[in-house]
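As structure tokens, the structure follows; a few thoughts come after it.
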Amino acid sequence: MPNTIRRCAVRTTAIRLGIALLCTSSVPVSAQGIPAPAPPVPQRISASKIVLVGDSTTAVAGGWGGVFCGEHVTSFVACVNLARGGRSSGSYIAEGSWEIALAEMKTPGFARTWVLIQFGHNDQPGKPGRSTDLATEFPANIARYVRETRAAGAMPILVTPLTRRMFANGALSNDLEPWAAAVRKVAAKMKVPLIELNAKSAAAVQAMGEAQADRFAQLPPGVAGTGVPAATGEVDDLPFAQRKLSFDRTHLGYAGARYFAAMMARELSATVPEMRKMLFQNGY
Numbered sequence: 002m003p004n005t006i007r008r009c010a011v012r013t014t015a016i017r018l019g020i021a022l023l024c025t026s027s028v029p030v031s032a033q034g035i036p037a038p039a040p041p042v043p044q045r046i047s048a049s050k051i052v053l054v055g056d057s058t059t060a061v062a063g064g065w066g067g068v069f070c071g072e073h074v075t076s077f078v079a080c081v082n083l084a085r086g087g088r089s090s091g092s093y094i095a096e097g098s099w100e101i102a103l104a105e106m107k108t109p110g111f112a113r114t115w116v117l118i119q120f121g122h123n124d125q126p127g128k129p130g131r132s133t134d135l136a137t138e139f140p141a142n143i144a145r146y147v148r149e150t151r152a153a154g155a156m157p158i159l160v161t162p163l164t165r166r167m168f169a170n171g172a173l174s175n176d177l178e179p180w181a182a183a184v185r186k187v188a189a190k191m192k193v194p195l196i197e198l199n200a201k202s203a204a205a206v207q208a209m210g211e212a213q214a215d216r217f218a219q220l221p222p223g224v225a226g227t228g229v230p231a232a233t234g235e236v237d238d239l240p241f242a243q244r245k246l247s248f249d250r251t252h253l254g255y256a257g258a259r260y261f262a263a264m265m266a267r268e269l270s271a272t273v274p275e276m277r278k279m280l281f282q283n284g285y
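See below:
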């Protein structure tokens, strides 16, 4: 244990030398009389953030984003999933969700913020209030996301839409390819990192076949949808959020979410090497 020599206005006994020492401070020293080292200065953390923007195929309870944030990022990364079910590249902006995402990008304290942007499913025709024109509106919206992400000080990463898992005569029907192509063009023109989720997921689903791909759905074929019963009682009768589960070939159950979240982690690590140190390649 270090001793403390307190020279508190003590006059020395060396009167014969005519010396008087006056001291007003304490100096930590070791038992051998060597000053103790100063305590280390804490090193400030360098944390990053990943923000997910998109539709239900990225959102929790239907997409890959929940498992990605929960199982594939390190503790030095804040992963915020702002994807929302049923949104298109246009309706996400119109309802104000994009404003929330922009505010998230501007939160101080992070060394770098990455924004993953994936739309296409609800931009297709036949969805009133959501469908966008493939030749004009859709690419314009994607370009807007890129510009405004950069203006907010964050790094945009475009993601082509996850494939559906619909087959015809043993072949996958990748009806989202035209929207994936539009995203590719914007990425090339604006020099944005591109994650080819559509092409990679389509190849994987084609290789595994229809029967195995059906296991990625929320429920097996023929099983009725389920949810959490609404809460009842006198003290608190506010309903719980309910998962609307079903069998379809667009949305993901846990097995599908794990599969494509791992795919996203691999593709991000390959496409954006700076992100490798913040991503686990395999989940739990």
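In terms of this note's numbering, the sequence shown is residues 2 to 285.
Heads up, the beta-carbon is just placed ideally off N, CA and C, and yes, glycines get one too.
Between the alpha carbons of N175 and A60 lies a gap of roughly 21 Å. Residue pairing from DSSP places V54 in a beta bridge opposite I118. DSSP, read as helix, strand or coil, puts A136 in coil.
Taking the CA atoms as reference points, F120 sits about 39 Å from Q44.
Burial of A84 is indicated by the presence of at least 16 other C-beta atoms within 10 angstroms of its C-beta. The C-alpha of I94 is placed about 14 Å away from the C-alpha of R148.
The continuous alpha helix (DSSP H) containing M106 extends over residues S98 to M106. The beta-carbon distance between M167 and R250, rounded to whole angstroms, is 5 Å. This is short enough to meet the 8 Å contact definition. The Cβ atoms of A203 and L159 lie no closer than 8 Å to each other.
In the DSSP assignment, P157 falls within the beta strand (DSSP E) that extends over M156 to V160. The continuous beta strand (DSSP E) containing N82 extends over residues V78 to N82. DSSP places A214 in the uninterrupted alpha helix (DSSP H) bounded by L198 to A214. In the DSSP annotation of this structure, the continuous segment of the alpha helix (DSSP H) that includes E178 starts and ends at E178 to M191.
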